[in-house]
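>
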Amino acid sequence: MSDTASDDIRLDDLGYEIAGRPVLSGLTLATSARSIGVVGRNGSGKSTLARLMAGLLQPTSGTIRIHGHDLFRDRRAALETVGILFQNPEHQIIFPRVDEEIAFGLRQLGQSKTEAAEGARAVLAGFDKLHWQDATIAALSQGQKHLVCMMAVLAMRPRLMILDEPYAGLDIPTRRQLQRYLNRADTRLFHISHDPADLADCAQVFWLDQGRIVAQGAPCPVLADFTAEMNRLGELDDLADLAG
Amino acid sequence: MISLTSPVETRAHGWPAGAKLAALCLASTGLFLTDSLGLHLTALALVLVLYAAPGRVFFTAGMRHLRVVLPFVALLAIWHLITAELHAGVLIVLRMVVLVALANLVTMTTRLSEMTDLVHRLTAPLRRLGLPVHLLETAIPLVIRFIPVLVARAETLAEAWRARSRRRPGWRLIFPLMLHALDEADHVGEALRARGGPLGHTRPE
Amino acid sequence: MERDLARIALFAALIAALGLVPQITLGFGVPITAQTLGVMLAGAVLGAWRGAAAAGLLLLLVALGLPLLSGGRGGLGVFVGPTAGFALGFPVAAFATGLFVEHVRLRSAGLTAGLGAVFGGILILYLLGATGLSIVIDKPLAEAFRLVAVFIPGDLLKAVITGLLVQALAQARPQALDWYRGGAAAGARRL
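Residue numbers (the numbering used here), protein chains in the order written: chain A, 6 to 249; chain B, 3 to 207; chain C, 15 to 205.
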């Protein structure tokens, strides 16, 4: 493990509230692992954590430093440091055509229109999808839309890629293919999922429950404990409980 | 999104969009300035020739786009038959038809991308006045992207309604559709922020 | 800022969708498309400036050649034809509706929005629409107004629906209505 602060993800007593109700509280962690997994149930605060990490939300208390930057304040550093892949590609895709969607991020990094168009073509070619460049988003399948999102984010060459349940609802072959593309990309991964199977390859795993980290460590023991606990809860009826 | 640009390639497709628009403005103003029946008839003949020149498919498509003015032609015809001001009636009908036909002709022979470029060029001076016209570069594609999404959402809502009701859905679908639009706006706003905000915007440090 | 831009774009898309989806028509004999309802909603939900921007953005796309007005109309012909006044009136109507809801405080959000829609989406829109028609068909404004007046009952219905929808929105998601928050603390407490 390196000890240089610039390589680290550091959360210090991080808290986030929505309308006075704590969603995350007292999150402290420091890691420089190359692939990090966060496992938790629906409503455990995982998605909020992903948005805080990407600098899209401002913490109610505590601090986050990604590679030394406060990404909520420093949006320029954010664009160069992190990319975030949302769960639903419909929520992420801004443009009607594939090439426009990919070129958008490149222009945000300061490239000219022609440079960005060139860059988008290069990314598509790198994924062997050059024939997609004029395709309209509306004509793509769900898995193909996911891949467009992934290409659009990877085109910006983020040092850290945040994945917010990117595989939920996808079939196994699509999952495998997307996973392969991600592993090939030269970026750190911060992968959030409710499914322990998605996180088995991570170097380090955190278990998030009701806005707090309840366990952390190597994937094997943490995910095994998580699975056992989830199976135990499956026998109960906590669906009946209302929040707040 | 399918534009009204004609798939039949005409020579006018190659002319600069700005020139076509300027010609349209000039012709329209000209028609309003004259009351000569002869000039109006000449204009109509000229427009028909322009529609007919690229061939049958183009001509029928063009006439189909003109159908929307038919009720008004009928209305004016009846009106002027009653008031017996035939000369004035013919003039007004001709002017209306020629104006719409000419404007449609520009649309039919200009690609969406050229029109968009023209808008960017025409609005560029406004930016110096402090108007945020650079936002159009992001806003226009966003609308084009989300129309099919909202139409599809409306159709699934109608389907869900029909699955459980024998009555027509009608306006009751609009509330969930509007909520969907508001939610999508929140999501896409977030996605936009995640990748650096709208195009052409100088980011604050 | 990103959220405002996204809302403007999404409401422009909503106005278009309301004119395009055949399932969303208001029955009562003649099917009336819901497009002007979309214009009223843009003003009543987003407020004056953003509502006008949404309607204006839609018009820009129509001018670029997209068939987004009800019945699949579009292109530059829309702006010189007999109904040009109505089309060009959309952003003004949304603005007026928004101005009304932002400045008039009534008992409920729904009532405010409904009356705002009558003001912007009917009074102002018909004034502009009839003016446009009177220019194109070269008739006095009063005559042009008589010709379009048959559509007013349908639009009154849309204003009522605007009121109902905004009332429902104020209850389900008050934070979506920026103008409602300030003066609505009492209403929110009553819930």
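Glycine included, C-beta positions come from ideal geometry on N, C-alpha and C. From a predicted model like this one, the values you see are computed outputs, not experimental measurements.
Identify the continuous alpha helix (DSSP H) that holds Asn113/A and give its terminal residues.
Residue 113/A sits at position 108 when you count from the first residue of the first sequence. For the sequence presented, residue 113/A should be read as Gln rather than Asn. For Gln113/A, the enclosing alpha helix (DSSP H) stretches over residues 103-113.
> Classify His15/B as helix, strand or coil using the three-state DSSP reduction.
Taking the second sequence and counting its residues from 1, one reaches residue 15/B at position 13. Here His15/B sits in helix by DSSP.
> Bridge partners for Phe211/A per DSSP, in chain order?
Residue mapping note: residue 211/A aligns to position 206 of the first sequence, counting from 1. According to DSSP, which records beta bridges pairwise, Phe211/A is partnered with Val43/A, Gln221/A.
> Three or more C-beta pairs under 8 angstroms: does that hold for the stretch 123-139 of chain A against the stretch 99-114 of chain A?
A contact exists between the stretch 123-139 of chain A and the stretch 99-114 of chain A.
> Does DSSP classify Val150/C as helix, strand or coil?
Taking the third sequence and counting its residues from 1, the one referred to as residue 150/C is at position 136. Of the three classes helix, strand and coil, the one that applies to Val150/C here is helix, per DSSP.
> Name the one or two DSSP bridge partners that Thr36/A has.
Here the question's residue 36/A lines up with position 31 in the first sequence. DSSP, once it has assigned bridges, lists Ile14/A as partnering Thr36/A.
> Which residues in chain B sit within 7 angstroms of Arg17/C, going by Cβ to Cβ distance?
As a position in the third sequence, residue 17/C is number 3, starting the count at 1. Neighbours of Arg17/C on chain B, chain order: Ala187, Asp188, Gly191.
> Per DSSP, Glu22/A forms a beta bridge with which residues?
As a position in the first sequence, residue 22/A is number 17, starting the count at 1. For Glu22/A, which the question treats as bridged, DSSP gives the partners Pro27/A.
> I need the straight-line Cα distance from Gly32/B to Leu23/B, nearest angstrom please.
Locating residue 32/B in the second sequence gives position 30, where the first residue counts as 1. Locating residue 23/B in the second sequence gives position 21, where the first residue counts as 1. So the two alpha carbons sit approximately 14 angstroms from each other.
> Is there a Cβ of chain B sitting closer than 7 angstroms to that of Ile14/A, yes or no?
Reading the first sequence from its first residue, position 9 is the one you call residue 14/A. It does not: the Cβ of Ile14/A has no partner Cβ on chain B nearer than 7 angstroms.
> Could you pull out every residue in the same chain whose Cβ sits closer than 6 angstroms to the Cβ of Gly130/C, ignoring the five residues on either side in sequence?
Taking the first residue of the third sequence as 1, we reach residue 130/C at position 116. Around Gly130/C: Ala58, Thr111, Phe114, Val115.
> Just the Cα atoms here: how many angstroms apart are Glu11/B and Met15/C?
Start at 1 with the first residue of the second sequence, and residue 11/B comes out as number 9. Start at 1 with the first residue of the third sequence, and residue 15/C comes out as number 1. When rounded, the distance between both Cα atoms is 41 angstroms.
> Mark Pro105/C as exposed unless 16 or more other C-beta atoms lie within 10 angstroms of its C-beta, in which case mark it buried.
Walking along the third sequence from the start, residue 105/C turns up at place 91. Buried: at least 16 other Cβ atoms inside 10 Å.
> In the structure shown, what three-state DSSP assignment does Val94/C receive?
Here the question's residue 94/C lines up with position 80 in the third sequence. Val94/C falls in the coil class under three-state DSSP.
> Please report the distance separating the alpha-carbon of Arg81/A from that of Gly198/B.
Along the first sequence, read from residue 1 onward, the residue named residue 81/A stands at position 76. Along the second sequence, read from residue 1 onward, the residue named residue 198/B stands at position 196. Answer to the nearest angstrom: the Cα atoms are 8 angstroms apart.
> Below 8 angstroms on the Cβ atoms is my guess for Val53/C versus Ala69/C; work out the distance and round it to an integer in Å.
As a position in the third sequence, residue 53/C is number 39, starting the count at 1. As a position in the third sequence, residue 69/C is number 55, starting the count at 1. Val53/C to Ala69/C, Cβ: 5 angstroms. Contact.
> Mind checking if Asp192/C is an interface residue toward chain B, Cβ cutoff 7 angstroms exclusive?
The residue given as residue 192/C occupies position 178 in the third sequence. Residue contact with chain B for Asp192/C: absent (no Cβ-Cβ distance below 7 angstroms to any residue of chain B).
> For Thr192/A, which of helix, strand or coil comes out of DSSP?
The sequence position of residue 192/A within the first sequence is 187, counting from 1. Thr192/A falls in the coil class under three-state DSSP.
> For Ala196/B, which residues in chain A fall below 7 angstroms Cβ to Cβ?
Taking the first residue of the second sequence as position 1, residue 196/B is located at position 194. Here the neighbours are Ala59, Leu61, Ile89.
> Would you grab the beta carbon distance between Thr50/C and Ala127/C for me? Rounded to a whole angstrom, and I think it's under 8 angstroms.
Counted from its first residue, the third sequence places residue 50/C at position 36. Counted from its first residue, the third sequence places residue 127/C at position 113. In fact, because the Cβ distance is near 14 angstroms, the residues do not count as touching under 8 angstroms.
> Inspect the beta-carbon positions of Ile142/A and Ile99/A and report whether they are closer than 7 angstroms.
Taking the first residue of the first sequence as 1, we reach residue 142/A at position 137. Taking the first residue of the first sequence as 1, we reach residue 99/A at position 94. Taking 7 angstroms as the Cβ cut-off, Ile142/A and Ile99/A do not qualify as a contacting pair.
> Should Glu170/A be labelled buried (16 or more other beta-carbon atoms within 10 Å of its own) or exposed?
One-based indexing of the first sequence puts residue 170/A at position 165. Glu170/A is buried by the Cβ-count criterion.
> Comparing alpha-carbon positions, which option in Asp185/B, Ser8/B, Val151/B lies nearest Phe61/B?
On the second sequence, position 59 is the one that residue 61/B refers to. Per the Cα distances, Ser8/B.
> For Ile146/B and chain A, any beta-carbon pair shorter than 7 angstroms?
Along the second sequence, one-based indexing puts residue 146/B at 144. Answer yes: the Cβ-Cβ gap between Ile146/B and chain A drops below 7 angstroms somewhere.
> Measure the alpha-carbon distance for His67/B versus Met110/B and round it to whole angstroms.
The count along the second sequence starts at 1 and reaches residue 67/B at position 65. The count along the second sequence starts at 1 and reaches residue 110/B at position 108. If you take the alpha carbons of His67/B and Met110/B, they lie about 10 angstroms apart.
> Quick check on Ile98/A: does DSSP put it in helix, strand or coil?
Counting from one through the first sequence, the residue named residue 98/A turns up at place 93. Three-state result, Ile98/A: coil.
> Determine the direct distance from the alpha carbon of Val28/A to that of Leu247/A, and round the result to whole angstroms.
One-based indexing of the first sequence puts residue 247/A at position 242. One-based indexing of the first sequence puts residue 28/A at position 23. Rounded to whole angstroms, Leu247/A to Val28/A spans 15 angstroms at the Cα level.
> Within 10 Å of its beta-carbon, does Phe231/A have 16 or more other beta-carbons around it, so buried, or fewer, so exposed?
Locating residue 231/A in the first sequence gives position 226, where the first residue counts as 1. Label assigned to Phe231/A: buried.
> What number of angstroms, rounded off, separates the C-alpha of Met180/B from the C-alpha of Gly168/C?
Within the second sequence, numbered from 1, the residue matching residue 180/B stands at position 178. Within the third sequence, numbered from 1, the residue matching residue 168/C stands at position 154. Going from the Cα of Met180/B to the Cα of Gly168/C covers about 21 angstroms.
> Spatial neighbours of Asp8/A within its chain, please: C-beta separation below 6 angstroms, excluding the five flanking residues on both sides.
On the first sequence, position 3 is the one that residue 8/A refers to. Reliability of the predicted coordinates at Asp8/A is poor, the pLDDT of 44 falling under 50, and no value is obtained from them.
> Could one say the Cβ of Asp169/C lies closer than 7 angstroms to chain B's Cβ atoms, at least one of them?
Locating residue 169/C in the third sequence gives position 155, counting from the first residue. Chain B, which has no Cβ nearer than 7 angstroms to the Cβ of Asp169/C, makes this no.
> Just to confirm my understanding: we take Glu139/B, look at its own chain, exclude 5 residues before and 5 after, and list those with CB closer than 8 angstroms. What are they?
Taking the second sequence and counting its residues from 1, one reaches residue 139/B at position 137. So the qualifying residues of the chain are His122, Pro200, Leu201, Gly202.
> Roughly how many angstroms separate the alpha carbons of Gly67/A and Pro94/A, rounded to a whole number?
Your numbering for residue 67/A matches position 62 in the first sequence. Your numbering for residue 94/A matches position 89 in the first sequence. Those two C-alpha atoms are separated by around 31 angstroms.
> Going residue by residue through the stretch 51-98 of chain B, where are the continuous alpha helix (DSSP H) segments of at least 4 residues, counting only ones entirely within it?
For secondary structure counted as the alpha helix (DSSP H) over 4 or more consecutive residues, the stretch 51-98 of chain B holds these complete runs in sequence order: 58-68, 72-85.
> Could you name the residues of the same chain whose beta carbon sits closer than 6 angstroms to that of Ala83/A, not counting the 5 residues immediately before and after it, in chain order?
If you number the first sequence from 1, residue 83/A lands on position 78. For Ala83/A, where only same-chain residues beyond five positions count, the Cβ hits under 6 angstroms are Gly60, Leu76.
> Can the beta-carbon of Gly42/A be found closer than 7 angstroms to that of Cys154/A?
For the purposes of this step, residue 42/A is taken as the residue at position 37 of the first sequence. For the purposes of this step, residue 154/A is taken as the residue at position 149 of the first sequence. The answer is no: Cβ separation not under 7 angstroms.
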